[in-house]
Each structure stands twice: as C-alpha cells, then as structure tokens.
Amino acid sequence: MSATTSGGDTNTIVAVTERDIRAACEYLFVHSLRDTPGCYHVYGESGAQYFVDLRSGMCTCEDAQYRCPDGGCKHRRRVEFELGEREIPGCIKEHDMDPRLVDALDSVVGEDA
C-alpha cells in the first residue's frame with residue numbers, strides 16, 4: 504500500500520508505505536542501548552528482538568537484510584519516529600498509533616519546549 508499526501512504550505516509530497524503504517528501502528532517496544540549511542544533493541548508483537556543501529560542504518564530483521572527497503576525497515580522507522588528524526592505521515596492518525604509511540608512523541612515535544 505502506498506499513498507501520497509501534500510504537506511502544509513510547502514506542498515511537499517510524502518510517500519506513505521506499509522512500513523510507515525506498521526512502524527507507527529504496531530505494538531513495538533524500543534529500548535535504547537545506553538552504552539552504545541545510536542543503537543537500539545526493538546521488540547515486536549511476537550516477542551522477537553531486533554538490533555537497530557541508526558548510525559549505519561542497519562537492522563537485523565529479514566526485511567532489512569534481504570530487501571533493503573528505501574527508508575529502512577519498520578524497526579528503523581519506528582526508532583526514528585520515537586526520536587523525532589522522521590516525520591509521521593499526516594494520514595496516520597494518533598488514535599491508530601501504538602500508545603507507546605504517542606507517549607514517546609509527547610516526551611520529545613516536552614524536551615523541545
């Protein structure tokens with residue numbers, strides 16, 4: 504699934520992919536590895552654990568390893584969403600998002616205030 508939406512005054516076209524939707528809406532838990540900046544464990548709904556290194560753009564999931572999607576897998580996108588490094592597409596509404604992501608975004612906004 505893919506959709507496009509124009510954003511605000513800039514008229515930027517943002518491609519929304521299944522990976523964006525899954526990254527925002529699936530129940531995923533992101534754990535920062537304090538001793539290794541830029542590295543995270545992401546736990547999926549099934550309990551599977553994946554290692555994400557934002558510095559290199561690497562994730563240990565099969566999607567990242569075998570398909571190498573532009574913009575990264577859902578795990579990398581989720582970390583970027585939570586850190587405020589990737590904009591959540593406007594077509595994804597807050598009530599559809601994983602509550603943990605909403606909480607993380609509230610924390611990021613609170614830090615910027």
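First residue of the sequence shown: 504, per the working numbering; consecutive thereafter. Don't be surprised by glycine CBs; every beta carbon is placed ideally from N, CA and C. Just so it is clear, the structure is predicted and the values come from calculations on it, not from any experiment.
Under the three-state DSSP convention, the category residue i falls into
i	result
D556	strand
S549	coil
F584	helix
Y450	This structure cannot settle anything about residue 450, because the visible part of the chain is limited to 504 through 616.
T508	For T508, the predicted structure reports a pLDDT of 41, less than 50, and the residue's modelled location is therefore unreliable. The matter cannot be settled from this model.
Residue i versus the options, residue with shortest Cα-Cα distance
i	options	result
E555	L608, A527, P540, S549	A small correction: the amino acid at residue 555 is Val; Glu does not occupy that position in the sequence shown. Minimum Cα distance to V555 is reached at P540.
G613	Y530, E597, G587, D601	G587
R542	E529, I524, R581	The question names Arg, yet the displayed sequence has Cys at residue 542. Of the candidates E529, I524, R581, the one whose C-alpha sits nearest the C-alpha of C542 is R581.
M561	R579, Y546, R570, V545	R579
H534	Y546, P602, I524	Y546
S610	H598, F584, D599	F584
L557	L536, R570, Y569	L536
F532	C564, Y569, H544	H544
Range covered by the alpha helix (DSSP H) that runs through residue i
i	result
C528	521-528
Where the beta strand (DSSP E) containing residue i begins and where it ends
i	result
H534	532-535
Rounded Cβ spacing between residue i and residue j (contact assumed at less than 8 angstroms)
i	j	result
Y530	D601	5 angstroms
Residue i CB to nearest heavy atom of the ligand NAP below 8 angstroms
i	result
P540	Looking for the ligand NAP in the displayed structure turns up nothing, as the structure carries no ligands at all.
Note to self: For the stretch 593-600 against the stretch 569-583, do three or more pairs of beta-carbon atoms, one drawn from each stretch, fall closer than 8 angstroms, so that the two count as touching?
What the structure shows: no
Notebook entry, point to check: Should the stretch 544-551 be regarded as contacting the stretch 597-606, the criterion being three or more beta carbon pairs within less than 8 angstroms?
Noted result: no
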